[in-house]
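Below is one structure, written out as structure tokens, with a few remarks after it.
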Amino acid sequence: MTTPRVALFVTCLVDLIRPQIGFAAITALEAAGCEVIVPEAQTCCGQPALNSGDRKTAEDLARRAIAALEGYDHVVIPSGSCAATIRVHYPEILEHDATWGPRATALAAKTYEIMAYLDEVRGWKPEGVALPATATYHDSCSGLRELGIKRQPRRLLAAVDGLALKPLDGAETCCGFGGTFCVKYPAISNAIVAEKATAIDASGADLLLAGDLGCLMNMAGKLHREGSPVRAFHAIELIAGMGDGPAIGEEA
Amino acid sequence: MTTTFDQRVAEALADKNLKLAVERTAGTAEAKRTIAVDAFPDFESARTRAAAIKDHVVANLGHYLQQFEANATAAGAHVHWARTAQEACDIVVGLCKAANAKSVARSKSMLGEEIGLPHALAEAGIGRIETDLAEHIIQLSGERPSHIIWPAMHKTREQVSALFKTSHRNPHVEETIAAMAESARRHLREGMLAADVGISGANFLVADTGAVCTVTNEGNAELSLVPPRMHIVTAGIEKIVPSTGHAVHMLRMLSRSATGAPLSQYTTFYTGPKRAADRDGPEEMHIVLVDNGRTTMREEGLAEMLRCIRCGACMNHCVVFRQIGGHAYGGTYPGPMGAVLTPAFDGLKQSRDLPNACTLNGKCQEVCPVRIPLPTLLRGWREKSWREGLEPASLRSGLGTWAWFARRPRLYRAATAAALKSMRLMGRTGWLSKIPLAGGWTQYRDMPKPAAESFMAQYKKGRRS
Ligand code: SF4
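Those sequence lines, one after another, are chains A and B. If you're matching positions, the first sequence starts at 1 in this note's numbering and goes up one per residue. If you're matching positions, the second sequence starts at 1001 in this note's numbering and goes up one per residue.
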């Protein structure tokens, strides 16, 4: 197999809050035989604008992201919701644009959420990675419903030695993050994430895993506020063998 | 609606009974639907067919409405047309007055709620008895329905028991569901038998037979529509299906999505009034076909919403509805479908919160039996709200600043680096429990401290793993 040139889209949250997820992504992609490039012109995929109704800005940021990312074999993103923005929504919002519409469609076809990419496209799984712990997995909504991500992370995590996955009650139920929703309607968001935190605690796991940093920040922030001992990681961190470092919110 | 969305939400979140009641009913409905759908051979293609039936009808509405009118008239019914809610109410009230009606028995109809029929009847001095058990509870407590299938889902059985004890002539003594239902039955049957007019909605209008189909689980439609002298149907024009076979397909989708049952307890097709050979039945049957904005919805990008068969699955599965209940939505229709419909009926200006107060998690679309792309329609309202300047200034300027930098990668990196630095100074541990401008977040949860250096900055310095 030839080595694909893979553009890593880092997502604004990963860039600013938890860079480790980006480095874990590079580690895993390289282990899976990819050449990884991080295009410098990338910033934000435009999802906050799109979901807030600011269509013009969303289209503008989409065009910029397309220009920055289209020159590679694949684009890989450690976030189901940003990947869905490019795969599902870019072609929709640029459909009316004769120049950018086709470019959006072409980019969408080669853009992947990282765990789906590693599992389905590369047929890869971690080797020699061990972490003795129990974890539970939350299926973030966009990845789950827009991209069909469910078994891929579980298959990858199953290859981590010593890691036991415990079922989470309501694993497919939204955690109440919803991008700007959590700051626009904080009381409703809190009621939703409070139930989530209870279910996570009840799972009996040491670690909470998911594929989207936004959801993880929401759930981890609630767990921490309530004094829960459960620690949170992006699943790719464990898969890349970085699950023995500080969890989200822990000082290095 | 005098209160704001935020006020109604605050009230709902503080109401422990509401939470308990909604969770009991919606939780049960969710579990039962899953079982019913799993047992259905190829539910996914059945959904596709249901969506196609409705799309076909909505695209050819004029044709099927004419066919329905001709066949219903041939069966002896009178068909009336109403463009607005007001016109619809005027027609119904006029018919009741012409029949010299003192009291009407109403079988639950969300369209009746939508057009404000209970209010119009009261204004005209016409007595009304709601015959659906849940609507009866609502009528006794002077409230509005909070769900389209279980209008009283916000009440616990303990609250209902107390209500019946103060309102029924011979209330139940034993604290069982059976005894409570018996008490309601005694009370309601008196009213049904005394009514001059029976008013119902329609789950489906069958074009090729002119029949009106209703489904209930209590048999109250049959009991309130057959004994009175006149039967009046009010129905949205999108309720049409081409044939009985199509109606049956939709019924299978409806009952499974709503309650998880393979079919409702009672399904009745009413075709015209009493015929010469019939022992029972109304002497007159009137069907009022109501537009009330539906044609406009079709023209303005909401055609897919006209597929809705009012099953309630979207709200039963909605994380937001499950927390705040139906009344918080402030319109006739709650939950995800209500968040799409209410701006169309009441105006976006006063209901812009509804399409916004959604996480866009997509669960509603996943369960909708007619595959309505609810998140896309909600996003459509957000776009309209943004275009029309209805979104709050704080959001507009916040997002605007973000986008301004996001268009300029170099400045974006400089600005975010500065922001990271100042955020790092704010907390002693890895968590922040107070952040200026993000009070909505930190009121309820902590925020992980951002990185000392962004990914891009570290990457540029050569870090690779
Ligand atoms: S939108 Fe779909 S799920 Fe919701 S009530 Fe209508 S048909 Fe049912």
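Where a beta carbon is used, it is the ideal one built from N, C-alpha and C, also for glycine. Note that the structure is predicted; figures quoted are calculated from it, not measured.
Which residue from the options puts its Cα closest to that of residue i?
i, options, result
"E1130(B)", "V1104(B), A1122(B) and K1155(B)", "V1104(B)"
"D161(A)", "D201(A), K125(A), G176(A) and G211(A)", "K125(A)"
"E941(B)", "G1326(B), C1364(B) and A1417(B)", "This structure leaves residue 941(B) out entirely; chain B is present only between 1001 and 1465."
"K1042(B)", "P1228(B), A1339(B), M1253(B) and Q1350(B)", "A small fix is needed here, since residue 1042(B) is Asp in this sequence, not Lys. Closest option to D1042(B), Cα to Cα, is M1253(B)."
"Q1007(B)", "Y1329(B), K1019(B) and A1052(B)", "Y1329(B)"
"R1256(B)", "E1383(B), L1377(B) and I1035(B)", "I1035(B)"
"L1395(B)", "K56(A), T173(A) and K184(A)", "K184(A)"
"M217(A)", "G245(A), G249(A) and I192(A)", "G249(A)"
"G1210(B)", "H1249(B), A1313(B), A1075(B) and P1118(B)", "A1075(B)"
"D119(A)", "G148(A), V36(A) and G176(A)", "G148(A)"
"G170(A)", "A32(A), L157(A), I200(A) and P132(A)", "I200(A)"
"Y1266(B)", "G1260(B), G1219(B) and T1244(B)", "G1219(B)"
"G211(A)", "V6(A), T3(A), E35(A) and R18(A)", "R18(A)"
"A1124(B)", "C1096(B), I1138(B), R1106(B) and R1294(B)", "C1096(B)"
In the DSSP assignment, find the beta strand (DSSP E) that holds residue i and state where it starts and stops.
i, result
"G1236(B)", "M1230 to G1236"
"T136(A)", "A130 to Y137"
"C1213(B)", "A1211 to T1216"
"T1267(B)", "Y1266 to Y1270"
"T1401(B)", "Per DSSP, T1401(B) belongs to no beta strand (DSSP E); it is in the alpha helix (DSSP H), A1393 to A1406."
"S1224(B)", "Segment N1220 to L1225 is the alpha helix (DSSP H) holding S1224(B); no beta strand (DSSP E) there."
"M981(B)", "Outside the shown range of chain B, which is 1001 to 1465, sits residue 981(B), and nothing can be said about it."
"W124(A)", "Neither: W124(A) is in no beta strand (DSSP E) and is coded neither H nor E."
"G148(A)", "Looking at the DSSP string, G148(A) is not in any beta strand (DSSP E), and its letter there is neither H nor E."
"S140(A)", "First-last for S140(A): undefined, no H or E at that position."
"G1127(B)", "G1127 to E1130"
"A1082(B)", "H1078 to A1082"
Against residue i, what residues of chain B qualify as contacts under a CB-to-CB distance less than 8 Å, listed in chain order?
i, result
"M262(A)", "Absent from the structure is residue 262(A), since the part of chain A shown begins at 1 and ends at 252."
"D60(A)", "A1403 and R1407"
"C141(A)", "T1359, L1360, N1361, G1362 and K1363"
"E250(A)", "G1430"
"V121(A)", "Chain B residues near V121(A): none, gap ~21 Å exceeds 8 Å."
Determine the chain A residues that contact residue i at a beta-carbon separation under 8 Å, and present them in chain order.
i, result
"P1409(B)", "E40, A41, Q42 and T43"
"Y1329(B)", "Here the premise fails: no neighbours, minimum Cβ distance about 12 Å."
"L1420(B)", "L16"
"L1225(B)", "The contacting residues do not exist; L1225(B) stays about 40 Å from chain A at best."
"G1312(B)", "Chain A residues near G1312(B): none, gap ~18 Å exceeds 8 Å."
"R1379(B)", "L50, N51 and G53"
Can a CB atom of chain A be found closer than 7 Å to the CB of residue i?
i, result
"Q1007(B)", "no"
"V1022(B)", "no"
"S1183(B)", "no"
"V1319(B)", "yes"
"Y1270(B)", "no"
"F1043(B)", "no"
"L1399(B)", "yes"
"S1385(B)", "yes"
"Q1323(B)", "yes"
"Q1443(B)", "yes"
"A1451(B)", "yes"
"T1004(B)", "no"
Determine, using beta carbons only, whether residue i comes closer than 7 Å to chain B.
i, result
"R87(A)", "no"
"V129(A)", "no"
"A28(A)", "no"
"E237(A)", "no"
"T57(A)", "yes"
"V10(A)", "yes"
"P126(A)", "no"
"H224(A)", "yes"
"S81(A)", "no"
"A135(A)", "no"
From which residue to which residue does the alpha helix (DSSP H) around residue i run?
i, result
"I1324(B)", "V1319 to I1324"
"C1364(B)", "K1363 to V1367"
"G162(A)", "That residue, G162(A), is in no alpha helix (DSSP H); its beta strand (DSSP E) goes D161 to K166."
"I248(A)", "Counting along the chain, I248(A) falls outside any alpha helix (DSSP H), and DSSP gives it neither H nor E."
"H1168(B)", "Counting along the chain, H1168(B) falls outside any alpha helix (DSSP H), and DSSP gives it neither H nor E."
"I21(A)", "P19 to A31"
"E1087(B)", "A1085 to A1098"
"A1072(B)", "L1061 to A1074"
"R1189(B)", "I1177 to A1194"
Can you list the residues of chain B that residue i reaches, using a CB-CB cut of under 9 Å?
i, result
"F23(A)", "F1455, Q1458, Y1459, R1463, R1464 and S1465"
"K150(A)", "Near K150(A) there are no residues of chain B at all, since even the closest Cβ is about 13 Å away, more than 9 Å."
Residues from the region 1352–1370 of chain B in contact with chain A, defined by Cβ distance under 9 Å: D1353, P1355, N1356, A1357, C1358, T1359, L1360, N1361, G1362, K1363, Q1365 and E1366
Residues of the region 145–177 of chain A whose Cβ lies closer than 9 Å to any Cβ of chain B, in chain order: R145, E146, E172, T173, C174, C175, G176 and F177
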